[in-house]
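Input: a single structure, listed below in structure tokens.
Residue numbers (UniProt numbering): 1 to 198.
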């Protein structure tokens, strides 16, 4: 949802509808939940060592974390309220395309009224980028594949500690990301080399 992304996308793809990846939306609300927890941690001993408990999905919690979450999630803690808001937003992505945008509008109104500054900020961000966020319900697009490929590129750059030309980095990316099978070439090379030694 960065201005640079939006500008680049609209300049290079003027007819494209921008879709904001649901994982980035959930990441933003997770960061807000964590900020609420940090603000409240000093005044509540119950929040000690609970950071990841609030950020994980319930199915990924340990038994001990699940027991503690079950005890705290319906409490009057601001962190519990932020957590319930997070789960509500996350659940919205399971709604059908005709209901999801309506649910998002309701969530934004809830977020703007909730008086938890980090959650209010997320609600404002979602309101500002509403069209791109609801576009997900019709496109179901995400950036996972592109981000995975980008991590391969970054690994290639780190591995080489610099390239002399763009041609060399492109070749290395093809080599790493292309899933090339060199087994036959290696076998041919070994046969050729063994004949040369004799």
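Glycine is no exception: its CB is placed at the ideal position from the N, C-alpha and C atoms. Remember, predicted model here, so these are calculated numbers, not experimental data.
Residue i - DSSP class collapsed to helix/strand/coil
i	result
residue 3	helix
residue 100	helix
residue 144	helix
residue 129	coil
residue 15	coil
residue 42	coil
residue 137	helix
residue 165	coil
residue 153	helix
residue 62	coil
residue 69	helix
residue 124	helix
residue 184	helix
residue 75	coil
Contacts around residue i, its chain only, beta-carbon distance under 7 Å, and the 5 residues preceding and following it disregarded
i	result
residue 149	177
residue 125	1, 28
residue 21	142, 143
residue 170	none
residue 129	1, 20
Sequence-distant residues of its chain with Cβ nearer than 6 Å to residue i (five each side left out)
i	result
residue 127	108
Supposed close pair residue i, residue j - CB separation, criterion 8 Å
i	j	result
residue 122	residue 132	Contact doesn't hold; Cβ gap of about 15 Å is too wide.
CB contact below 8 Å: residue i versus chain B
i	result
residue 172	Absent here is chain B; the protein component of the structure consists of one chain.
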